[in-house]
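Protein chains: 2
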Amino acid sequence: MEDLPHIPEATVARLPIYLRILLETADHEIGTISSERLAVQAGANAAQVRKDLSYLGSYGTRGVGYDVELLIFQISRELGLTQDWSAAIVGVGHLGQALANYRGFGERGFRFAGLYDVDPRKVGETVAGIEVRHLDSLAEDVVARRIAIGVITVPASHAQEVADRMVAAGITAILNFAPAVVTVPDDVTIRKVDLSIELQILAYYQQRKTGMTGLLGHRAAAL
Amino acid sequence: MEDLPHIPEATVARLPIYLRILLETADHEIGTISSERLAVQAGANAAQVRKDLSYLGSYGTRGVGYDVELLIFQISRELGLTQDWSAAIVGVGHLGQALANYRGFGERGFRFAGLYDVDPRKVGETVAGIEVRHLDSLAEDVVARRIAIGVITVPASHAQEVADRMVAAGITAILNFAPAVVTVPDDVTIRKVDLSIELQILAYYQQRKTGMTGLLGHRAAAL
DNA sequence: GCATGTGAATAGATTCACAGCG
DNA sequence: CGCTGTGAATCTATTCACATGC
Chain D
1 MEDLPHIPEA TVARLPIYLR ILLETADHEI GTISSERLAV QAGANAAQVR
51 KDLSYLGSYG TRGVGYDVEL LIFQISRELG LTQDWSAAIV GVGHLGQALA
101 NYRGFGERGF RFAGLYDVDP RKVGETVAGI EVRHLDSLAE DVVARRIAIG
151 VITVPASHAQ EVADRMVAAG ITAILNFAPA VVTVPDDVTI RKVDLSIELQ
201 ILAYYQQRKT GMTGLLGHRA AAL
Chain Z
1001 MEDLPHIPEA TVARLPIYLR ILLETADHEI GTISSERLAV QAGANAAQVR
1051 KDLSYLGSYG TRGVGYDVEL LIFQISRELG LTQDWSAAIV GVGHLGQALA
1101 NYRGFGERGF RFAGLYDVDP RKVGETVAGI EVRHLDSLAE DVVARRIAIG
1151 VITVPASHAQ EVADRMVAAG ITAILNFAPA VVTVPDDVTI RKVDLSIELQ
1201 ILAYYQQRKT GMTGLLGHRA AAL
């Protein structure tokens, strides 16, 4: 298999996990790893690991396993992590500040190159060593600081508007933390992280467990 | 379709989105909504909306659409949101504090009933109106405060240990923000939110766009 | 007539199972 | 002989298309 045929979405989502495990493995000075071992550590199935890795090419050795360093390089290259990426955070609330301070983003070349808000009390402040600028400065900064990724941490009511401004500013990859459906043009990639949806999903599965106490799956004692 | 046959995972993940849209729709005093309209607002396909909703039962009216209030109730019931849920956050770093302060969790009956850390400088402090307690108190609090959900916001190196203590304390639903694979027994539901993985996925798709400039998809100018 | 509800068709992801190679 | 690489089989999810019923 060669370079261009694109990788299934589900595989792309797992490559970063493999990469992290491989980096840890390399730290332990282990030179080679089997799909079985990688699968156990990733909480997956060995056949899946092999199939996923096969989309990158044939970098394993039969009877031996995968060379850890080689695989780190190949996955990094495939994910585009051989270059550095600059991101802008729009919305300097609790979450925006937490992200700005989050160590472990550098995990693979991500840098927050800008923090934006419209609140005059926040503009001019410094958070995590970055000066908060007015959202109006975003467009010029995208060019000047080569910002490629936008992170939305504003309230839901402003999320679409912020996304529109990001797109207008030339950003084509967005990570949305606001609890709102945001639509963007086809050439813009958007992903969402929605904390309250995650909790609701957990609640569903949790209810299935405890709700089984009554005969008909009725609701259990609420608090 | 009746009560027990369980709902596909993909559908469960979308129900909270529909619910949110329906709540907004209700705010605008609109009594009825079509699958088409719901689909547009959720960024989905009308057939999918109908199929998803059909797992809850037949709550639509042909030729008309769905009664907004009725659907809100049915989805809420299915997701287990007719009861309140208490969650504990373990790890009072930037992210843990941001979550504790996050308004909009109450969006459907979630309450943070406990904040835990092991750092003596943090234990005893108050964050978002909640006293930070030592992780050792978790087990007793799970019982006393009926905590059902655990949220992990500690560094990756401690995530598994914290998860183990949550499980030992009787928690059976966990949301993990630490960039680490955490394993739990089968009867425990775990979901992960991994910020750096999300950025890496964006980087992949971003690269596909810009990386096409060179003939062979080689890496572009790094900064 | 119009929008739901749903079988049937399609697409996508996971797992199996084994041939192929070091 | 052991572990990769991958077609084939299976399972899950999405989309189509239309019969059904208000």
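The listed protein sequences derive, respectively, from chains D and Z. All the letters of the first sequence, read from the start, carry residue numbers 1 to 223 under the working numbering. All the letters of the second sequence, read from the start, carry residue numbers 1001 to 1223 under the working numbering. Note that CB positions come from ideal geometry on N, CA and C, so glycine has one too.
Handout entry: Residue closest to T153(D), alpha-carbon to alpha-carbon, out of L135(D), A144(D), A139(D)
Key = In the first sequence, counting from the first residue as 1, residue 153(D) sits at position 153. Residue L135(D) is the option with its Cα nearest to T153(D).
Practice task
Would you mind stating whether V142(D) and A169(D) have Cβ atoms separated by less than 7 Å?
Solution key: The sequence position of residue 142(D) within the first sequence is 142, counting from 1. The sequence position of residue 169(D) within the first sequence is 169, counting from 1. Their beta carbons are under 7 Å apart, which means V142(D) touches A169(D) by this criterion.
Exercise for the section: Compare the C-beta of T1153(Z) against all C-beta atoms of chain D and say whether one is closer than 7 Å. Expected result: Numbered from its first residue, the second sequence carries residue 1153(Z) at position 153. Not closer than 7 Å to any Cβ of chain D, the Cβ of T1153(Z) fails to qualify, so no.
Handout entry: Contacts of S196(D) in chain Z (Cβ-Cβ under 8 Å)
Key = Looking up residue 196(D) in the first sequence gives position 196. Within 8 Å Cβ-Cβ: P1016, G1104, F1105, E1107, R1108, F1110.
Problem - Cβ of A1203(Z) within 7 Å of any chain D Cβ - result: Mapped onto the second sequence, residue 1203(Z) falls at position 203. It does; some Cβ of chain D falls within 7 Å.
Practice task
Could you check the C-alpha separation between H1094(Z) and Q97(D) for me, to the nearest Å?
Solution key: As a first step, residue 1094(Z) must be located in the second sequence, where it is residue number 94. As a first step, residue 97(D) must be located in the first sequence, where it is residue number 97. Looking at the two C-alpha atoms, the distance is approximately 8 Å.
Problem - Where K1192(Z) falls: helix, strand or coil (DSSP) - result: Taking the second sequence and counting its residues from 1, the one referred to as residue 1192(Z) is at position 192. Residue state, collapsed to three classes: strand.
Handout entry: Which of helix, strand or coil DSSP assigns to D1119(Z)
Key = Here residue 1119(Z) refers to the residue found at position 119 when the second sequence is read from its first residue. Here D1119(Z) sits in coil by DSSP.
Handout entry: Alpha-carbon spacing of A1173(Z) relative to A46(D), whole angstroms
Key = Taking the second sequence and counting its residues from 1, one reaches residue 1173(Z) at position 173. Taking the first sequence and counting its residues from 1, one reaches residue 46(D) at position 46. Using only the alpha carbons, I get a separation of about 26 Å.
Exercise for the section: Kindly list, in the order they appear in chain Z, the residues whose Cβ is closer than 8 Å to that of I147(D). Expected result: Within the first sequence, the letter at position 147 stands for residue 147(D). Correct list: empty, because the minimum Cβ distance to chain Z is about 11 Å.
Handout entry: Neighbourhood of R1050(Z) by C-beta, 8 Å cutoff - its chain only, sequence neighbours within 5 removed
Key = In the second sequence, counting from the first residue as 1, residue 1050(Z) sits at position 50. Same-chain partners within the cutoff: S1035, G1060.
Handout entry: Cβ shell of V1162(Z) (< 6 Å), same chain only, five flanking positions each side left out
Key = As a working note, residue 1162(Z) is residue 162 in the second sequence. For V1162(Z), where only same-chain residues beyond five positions count, the Cβ hits under 6 Å are V1090, I1152, V1154.
Problem - Test: A1010(Z) CB closer than 7 Å to a CB of chain D - result: For this step, residue 1010(Z) is matched to residue 10 along the second sequence. No, its Cβ sits nowhere closer than 7 Å to a Cβ of chain D.
Exercise for the section: Go ahead and pull the three-state DSSP assignment for T153(D). Expected result: Within the first sequence, the letter at position 153 stands for residue 153(D). T153(D) falls in the coil class under three-state DSSP.
Handout entry: Straight-line Cα distance separating H158(D) from G63(D)
Key = As a position in the first sequence, residue 63(D) is number 63, starting the count at 1. As a position in the first sequence, residue 158(D) is number 158, starting the count at 1. Those two C-alpha atoms are separated by around 55 Å.
Practice task
Could you name the residues of the region 1181-1193 of chain Z whose beta carbon sits closer than 8 Å to any beta carbon of chain D, in the order they occur along the chain?
Solution key: V1181, T1183, D1187, T1189, R1191, V1193
Handout entry: Alpha-carbon to alpha-carbon, I7(D) and Y55(D)
Key = Numbered from 1 along the first sequence, position 55 holds the residue referred to as residue 55(D). Numbered from 1 along the first sequence, position 7 holds the residue referred to as residue 7(D). Cα to Cα, Y55(D) sits roughly 6 Å from I7(D).
Exercise for the section: Determine the direct distance from the alpha carbon of I75(D) to that of G217(D), and round the result to whole angstroms. Expected result: As a first step, residue 217(D) must be located in the first sequence, where it is residue number 217. As a first step, residue 75(D) must be located in the first sequence, where it is residue number 75. Residue placement at G217(D) cannot be trusted, given a pLDDT of 34 that sits under 50; the coordinates are not used to answer.
Exercise for the section: State buried or exposed for D1194(Z), treating a residue as buried only when at least 16 other CB atoms are found within 10 Å of its CB. Expected result: Taking the first residue of the second sequence as 1, we reach residue 1194(Z) at position 194. So D1194(Z) ends up on the buried side.
Practice task
Anything in chain Z within Cβ reach of Q206(D), meaning under 8 Å, just list it in chain order.
Solution key: In the first sequence, counting from the first residue as 1, residue 206(D) sits at position 206. In chain order: G1080, W1085, A1148, I1149, T1172, A1173, T1189.
Handout entry: Check whether I1171(Z) and A1087(Z) have beta carbons under 7 Å apart
Key = Here residue 1171(Z) refers to the residue found at position 171 when the second sequence is read from its first residue. Here residue 1087(Z) refers to the residue found at position 87 when the second sequence is read from its first residue. No.
Handout entry: V118(D) versus A128(D): straight-line alpha-carbon distance, rounded
Key = Position 118 of the first sequence, counted from the start, is the residue given in the question as residue 118(D). Position 128 of the first sequence, counted from the start, is the residue given in the question as residue 128(D). Cα-Cα distance, rounded: 18 Å.
Exercise for the section: Can you give me the Cβ contacts of E1069(Z) inside the same chain, cut-off strictly under 8 Å, excluding the 5 residues immediately before and after it? Expected result: If you number the second sequence from 1, residue 1069(Z) lands on position 69. Excluding residues within five positions, the ones whose Cβ falls inside 8 Å are A1026, G1031.
Handout entry: Neighbouring residues, chain Z, relative to Q97(D) (Cβ below 8 Å)
Key = Translated into the one-based positions of the first sequence, residue 97(D) becomes position 97. Residues of chain Z passing the Cβ test: H1094, A1098.
Handout entry: Distance between beta carbons of A1180(Z) and Q1160(Z), contact taken as under 8 Å
Key = Here the question's residue 1160(Z) lines up with position 160 in the second sequence. Here the question's residue 1180(Z) lines up with position 180 in the second sequence. Contact flag correct, Cβ pair sits at about 7 Å.
Problem - Local Cβ density within 10 Å of E131(D), reported as buried at 16 or more and exposed below that - result: Here the question's residue 131(D) lines up with position 131 in the first sequence. The residue is exposed, with fewer than 16 neighbouring Cβ atoms inside 10 Å.
Exercise for the section: State the start and end residues of the unbroken beta strand (DSSP E) segment that holds A1087(Z). Expected result: The count along the second sequence starts at 1 and reaches residue 1087(Z) at position 87. It spans 1085-1090 - the beta strand (DSSP E) in which A1087(Z) sits, taken as one unbroken run.
Practice task
Give a yes or no on whether the minimum CB-CB distance between N45(D) and chain Z is below 7 Å.
Solution key: Position 45 of the first sequence, counted from the start, is the residue given in the question as residue 45(D). No, because no Cβ of chain Z sits closer than 7 Å to the Cβ of N45(D).
Handout entry: R1121(Z) burial status per 10 Å Cβ neighbour count (16 or more: buried)
Key = Along the second sequence, one-based indexing puts residue 1121(Z) at 121. That one is exposed.
Practice task
Measure the Cβ-Cβ separation of Y204(D) and L1199(Z) and say whether it is below 7 Å.
Solution key: Looking up residue 204(D) in the first sequence gives position 204. Looking up residue 1199(Z) in the second sequence gives position 199. Cβ atoms of Y204(D) and L1199(Z): not closer than 7 Å.
Problem - Test: P1120(Z) CB closer than 7 Å to a CB of chain D - result: Walking along the second sequence from the start, residue 1120(Z) turns up at place 120. So, not an interface residue.
Problem - Buried or exposed (CB count within 10 angstroms, at least 16 for buried), G43(D) - result: For this step, residue 43(D) is matched to residue 43 along the first sequence. Per the 10 Å Cβ criterion, exposed.
Problem - Contact with chain D by N1101(Z), beta-carbon distance below 7 Å - result: As a position in the second sequence, residue 1101(Z) is number 101, starting the count at 1. By this cut-off, N1101(Z) is an interface position.
Exercise for the section: Could you tell me if Q1207(Z) is buried or exposed, where buried requires 16 or more neighbouring beta carbons within 10 angstroms of its beta carbon? Expected result: Taking the second sequence and counting its residues from 1, one reaches residue 1207(Z) at position 207. When all chains shown are included, Q1207(Z) counts as buried.
Exercise for the section: Quick one: residues in its chain with C-beta nearer than 7 Å to the C-beta of V92(D), no 5 flanking neighbours on either side, listed in chain order? Expected result: Translated into the one-based positions of the first sequence, residue 92(D) becomes position 92. The answer, listed in chain order, is L115, D117, K122, V127, V132.
Handout entry: Cross-chain neighbours of L199(D) in chain Z, by beta carbon under 8 Å
Key = What you label residue 199(D) is simply residue 199 of the first sequence in a count that begins at 1. Chain Z residues near L199(D): W1085, A1087, F1105, F1110, I1149, L1175.
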